[in-house]
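Report on one structure; see the data block that follows.
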Amino acid sequence: AREIHRASARAKEVFVHVDLGAISESLFESELFGHVKGAFTDARADKAGRIEIASGGTLFLDEIGNLQPAMQTKLLQVLQNREIYRIGSNKPLEADFRLITATNQDLKRLIEERKFREDLFYRINTIEITAPPLRERGSDVLELASFFLARYCSKHQRPGLLFSPESLEAIQNYSWPGNVRQLQHSIERAVLMADGRKIEPGDILPGVSGQGAADHVRRPTLAELEEVTIRDSIRRNSGNLAKVARELGIARSTLYNKMKNFGIEKL
5 AREIHRASAR AKEVFVHVDL GAISESLFES ELFGHVKGAF TDARADKAGR IEIASGGTLF
65 LDEIGNLQPA MQTKLLQVLQ NREIYRIGSN KPLEADFRLI TATNQDLKRL IEERKFREDL
125 FYRINTIEIT APPLRERGSD VLELASFFLA RYCSKHQRPG LLFSPESLEA IQNYSWPGNV
185 RQLQHSIERA VLMADGRKIE PGDILPGVSG QGAADHVRRP TLAELEEVTI RDSIRRNSGN
245 LAKVARELGI ARSTLYNKMK NFGIEKL
């Protein structure tokens with residue numbers, strides 16, 4: 005379900021996406037509201053929050069159902085007062101933005117369980133759009149698969165890869181309980197793992213080798229996808245770990261730790 009709240013009639017081209025499922029509660033305020041220099045130990049400079057950056061445009065809060073109660077209260081205050089305060093500052097900043105939220109959870113059930121504020125729900129629920137799961141969207145899944153195939157062939161420098169007829173059938177028949185994100189991760193894994201010029205069912209859904217795709221097959225974990233991505237980057241960068249770290253957007257120390265955990269040897 006998606007809920008849209010229009011906080012302003014004005015709209016610019018600014019679009020800020022925030023995945024609330026990926027932000028810890030301790031970093032929530034700093035990420036959304038920003039902070040001033042010296043507000044806390046690591047605040048070495050002033051920093052604008054995501055809401056401030058989105059001012060005059062659109063703020064997309066993904067996985068709104070994961071928002072902790074205390075943070076729900078702070079978000080509600082922003083929507084009601086249309087102003088924010090950076091951490092460590094008593095100077096109000098205008099919060100003028102269009103808000104779009106998304107969730108794969110039943111917010112009304114969370115309200116009944118006292119895990120989501122009812123007043124916040126009605127504040128963001130001006131317009132609701134319910135997106136059916138992939139298994140109910142017919143050929144859309146094939147179009148999305150083709151889109152992700154083109155994206156990851158370009159990203160991982162594997163031009164010319166195609167889906168075999170059997171893999172297209174597997175994609176069409178599988179229920180995709182994880183919806184688009186599962187499809188996306190599975191296609192990226194397939195691009196990295198495919199041996200030939202064609203992607204086969206087993207490349208997409210490990211354990212599938214024939215007609216169709218059964219729901220009981222083991223799906224790749226995020227850790228497995230991460231390991232494959234790191235190995236592929238090391239191969240393409242000829243073992244230059246500095247380039248690998250830059251390409252993956254992580255610190256070299258983080259890369260070394262992940263390589264140790266996965267048992268990846270330097271080239």
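Okay, so the sequence shown: first residue is 5 according to my numbering, each after it adds one. Virtual Cβ for every residue (Gly too), placed ideally from N, Cα, C.
Less than 8 Å between the beta carbons of arginine 86 and glutamate 98, yes or no?
Residue numbering aside, residue 86 sits at position 82 when the sequence shown is read from its first letter. Residue numbering aside, residue 98 sits at position 94 when the sequence shown is read from its first letter. In this structure, arginine 86 places its C-beta atom within 8 Å of the C-beta atom of glutamate 98.
Counterpart residues of aspartate 23 in DSSP-defined beta bridges
For this step, residue 23 is matched to residue 19 along the sequence shown. Its beta-bridge partners are Asp66.
Using the beta-carbon count (16 or more within 10 Å), is leucine 63 buried or exposed?
Here residue 63 refers to the residue found at position 59 of the sequence shown. Leucine 63 comes out buried.
Using only alpha-carbon positions, find the residue among Leu166, Leu36, Arg185 and Leu187 that is nearest to isoleucine 203.
Counting from one through the sequence shown, the residue named residue 203 turns up at place 199. Minimum Cα distance to isoleucine 203 is reached at Leu166.
Short check: CB of proline 205 to CB of serine 171, under 8 Å?
The residue labelled residue 205 in the question sits at position 201 within the sequence shown. The residue labelled residue 171 in the question sits at position 167 within the sequence shown. Between proline 205 and serine 171, the CB-CB gap stays under 8 Å.
DSSP three-state label for arginine 222, please.
Position 218 of the sequence shown, counted from the start, is the residue given in the question as residue 222. Interpretation of arginine 222 is limited by its pLDDT of 47, a score under 50 that renders its predicted location unreliable; the figure taken from the coordinates is listed afterwards. Coil.
Contact set for glutamine 81: own chain, Cβ-Cβ below 6 Å, skip 5 residues either direction:
Taking the first residue of the sequence shown as position 1, residue 81 is located at position 77. Hits under 6 Å: none found.
Is the CB-CB distance between leucine 138 and asparagine 183 below 8 Å?
If you number the sequence shown from 1, residue 138 lands on position 134. If you number the sequence shown from 1, residue 183 lands on position 179. In contact: leucine 138 and asparagine 183 (Cβ atoms closer than 8 Å).
I need the straight-line Cα distance from threonine 156 to threonine 258, nearest angstrom please.
For the purposes of this step, residue 156 is identified with residue 152 of the sequence shown, where counting begins at 1. For the purposes of this step, residue 258 is identified with residue 254 of the sequence shown, where counting begins at 1. Note on residue identity: the sequence assigns tyrosine, not threonine, to residue 156. For tyrosine 156 and threonine 258, the distance between alpha carbons rounds to 23 Å.
Measure how close the beta-carbons of isoleucine 91 and alanine 43 come, nearest whole angstrom, since I'm counting them as under 8 Å.
Translated into the one-based positions of the sequence shown, residue 91 becomes position 87. Translated into the one-based positions of the sequence shown, residue 43 becomes position 39. The pair is a contact, with the Cβ atoms about 5 Å apart (cut-off 8 Å).
Own chain residues within Cβ distance below 7 Å of arginine 235, not counting five before or after
In the sequence shown, the residue the question calls residue 235 occupies position 231. Cβ contact annotation for arginine 235 (same chain, cutoff 7 Å, sequence separation greater than five): Ile268, in chain order.
When you compare only the Cα positions, how much space is there between valine 221 and methionine 75?
On the sequence shown, residue 221 is found 217 positions in, with the first residue counted as 1. On the sequence shown, residue 75 is found 71 positions in, with the first residue counted as 1. Model confidence at valine 221 stands at a pLDDT of 44, short of 50, so the residue's coordinates are unreliable and nothing is read from them.
Tell me the DSSP secondary structure of tyrosine 89 in three-state form.
Position 85 of the sequence shown holds residue 89. Residue state, collapsed to three classes: strand.
If you drop the 5 nearest sequence neighbours on each side, which residues of the same chain put their C-beta closer than 8 Å to that of leucine 252?
Walking along the sequence shown from the start, residue 252 turns up at place 248. Contacts found: Thr233, Ile234, Ser237 and Leu259.
Chain B within 8 Å of arginine 239, Cβ atoms only:
The chain inventory of the structure shown lacks chain B, comprising one protein chain alone.
Boundaries of the beta strand (DSSP E) in which arginine 102 is found, first to last residue
Looking up residue 102 in the sequence shown gives position 98. For arginine 102, the enclosing beta strand (DSSP E) has its first and last residue at 102-106.
Taking the CB atoms as reference points, tell me whether phenylalanine 32 and isoleucine 55 lie closer together than 8 Å.
For the purposes of this step, residue 32 is taken as the residue at position 28 of the sequence shown. For the purposes of this step, residue 55 is taken as the residue at position 51 of the sequence shown. Result no, Cβ atoms of phenylalanine 32 and isoleucine 55 do not sit closer than 8 Å.
Is DSSP giving alanine 194 helix, strand or coil here?
On the sequence shown, residue 194 is found 190 positions in, with the first residue counted as 1. In this structure, DSSP gives alanine 194 a helical state, which the three-state scheme calls helix.
Do lysine 41 and alanine 49 have their C-beta atoms closer together than 8 Å?
Residue 41 sits at position 37 when you count from the first residue of the sequence shown. Residue 49 sits at position 45 when you count from the first residue of the sequence shown. Cβ atoms of lysine 41 and alanine 49: closer than 8 Å.
In its own chain, which residues sit with a C-beta less than 7 Å from the C-beta of serine 213, not counting the 5 before and 5 after it?
One-based indexing of the sequence shown puts residue 213 at position 209. Note that serine 213 scores a pLDDT of 49, beneath 50, so its modelled location is shaky and nothing firm can be said.
Return yes when the Cβ of histidine 160 is within less than 8 Å of the Cβ of leucine 196, no when it is not.
Counting from one through the sequence shown, the residue named residue 196 turns up at place 192. Counting from one through the sequence shown, the residue named residue 160 turns up at place 156. Yes, the Cβ-Cβ distance between leucine 196 and histidine 160 is below 8 Å.
Could you tell me the boundaries of the alpha helix (DSSP H) in which proline 205 lies?
On the sequence shown, residue 205 is found 201 positions in, with the first residue counted as 1. Its alpha helix (DSSP H) spans residues 205-208.
Taking the C-alpha atoms as reference points, what is the distance between lysine 1 and valine 145?
A question about residue 1 goes unanswered here, because the residues of the chain that appear run from 5 up to 271.
So, at 7 Å on beta carbons, what are the nonlocal neighbours of isoleucine 27 in its own chain, with the 5 sequence-adjacent residues on each side left out?
Here the question's residue 27 lines up with position 23 in the sequence shown. Cβ neighbours of isoleucine 27 beyond the five flanking positions: Glu35.
Would you identify the three-state DSSP class for proline 169, choosing helix, strand or coil?
For the purposes of this step, residue 169 is identified with residue 165 of the sequence shown, where counting begins at 1. DSSP places proline 169 within a helical segment (H, G or I) once states are collapsed to three.
Identify every residue that forms a DSSP beta bridge with isoleucine 238.
To locate residue 238, count along the sequence shown from 1; it is residue 234. Isoleucine 238 is bridged by DSSP to nothing; it lacks a bridge partner.
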